[in-house]
């Protein structure tokens, strides 16, 4: 159907162009955001009226209440969605390099299509069916759980840890390094007092105090049933979260990755 060029801004964020009511603006493509969201600036610009509220939780566990509005049209990659229910997002806390970003596009926008993120060529490819395997190399199909909650769509895969245990990890292109639940730190034989372990404390934008640890995990983090899709000795951020973990840019960028919500699978193409 179409190609969407993208730029990596910061260390890992995928920036694309999206037309909102036929006007082009900058968005982030974020599979971990849940619902597509618009900035308050755009909501006010187009005088969009609230049509409801979505309740959810942040990764760190705090309750969220997201106002919902309907936007007349969103367009990217040859696709136009009309009367789209989206969340309202406060971008005032964004760092300066994100000052032009006016929304985050969720994977749910592409439901019914196949979305392929080609990191090597900085392009998101939107098609009706999966790319032919011989276009790259043999694709490795990985089953995913697709969870819907109103306009929100979230993706989860089973991940195998070096100690042989598996966990359910969210697929989040909006994250940089691998993130794991704090409880897994001890299970993987890592202590906060170990040499090389970094500690971070602070307060997030909701006022929630946090403590995080960054450490190298020895061995392979791989996808269950596909040991050839792995990250060796990754740097991992451990923190108190509601998931077992998240895989993000640092893991995904090593492959060309297709998302097919219809068949509940991801396809990893080795380069």
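Numbering (the working numbering), first residue to last: 141 to 411.
C-beta: ideal position from N, C-alpha, C; glycine also.
- Residue 258 has its alpha-carbon roughly 10 Å from the corresponding atom of residue 411.
- Here residue 242 is buried: its Cβ has 16 or more other Cβ atoms, across all protein chains shown, within 10 Å.
- Taking one beta carbon from each stretch, the stretch 361-368 and the stretch 175-191 have fewer than 3 pairs nearer than 8 Å; the two do not touch.
- The C-beta separation of residue 254 from residue 176 comes to about 18 Å, leaving the pair out of contact by the 8 Å criterion.
- The Cβ atoms of residue 388 and residue 153 do not sit closer than 8 Å to each other.
- The beta strand (DSSP E) runs of length 3 or more contained entirely in the stretch 151-209 are, from start to end of the chain, 153-160, 163-169, 177-179, 190-197.
- By alpha-carbon distance to residue 317, the top candidate from 306, 229, 371 is 371.
- Assigned with DSSP and collapsed to three states, residue 400 falls in strand.
- Here the stretch 186-206 makes contact with the stretch 284-301; the two share three or more CB pairs at distances below 8 Å.
- In the three-state reduction of the DSSP assignment, residue 389 falls in the helix class, which pools H, G and I.
- Taken in chain order, the unbroken stretches of beta strand (DSSP E) that lie wholly in the stretch 296-369 and span 3 residues or more are 306-311, 318-321, 338-343, 349-356, 360-363.
- Distance from the CA atom of residue 312 to the CA atom of residue 297, rounded to whole angstroms, is 11 Å.
- By a beta-carbon distance limit of 8 Å, residue 266 contacts residue 217. Their separation comes to about 4 Å.
- Per DSSP, reduced to three states, the secondary structure at residue 234 is coil, with no helix or strand assignment.
- Per the coordinates, the alpha-carbon of residue 385 lies some 17 Å from the alpha-carbon of residue 359.
- With 16 or more other CB atoms across the displayed protein chains lying within 10 angstroms of its CB, residue 301 is buried.
- The continuous beta strand (DSSP E) containing residue 147 extends over residues 147-149.
- Residue 377 has 319, 354 as its beta-bridge partners, per DSSP.
- Here residue 269 is exposed: its Cβ has fewer than 16 other Cβ atoms, across all protein chains shown, within 10 Å.
- Secondary structure note for residue 256: its beta strand (DSSP E) is the uninterrupted segment 254-258.
- The three-state secondary structure of residue 248, taken from DSSP, is helix.
- Distance from the Cα of residue 205 is smallest, within the candidate group 221, 214, 222, 174, for 174.
- Contact between residue 407 and residue 281 holds: CB atoms are separated by about 5 Å, below the 8 Å threshold.
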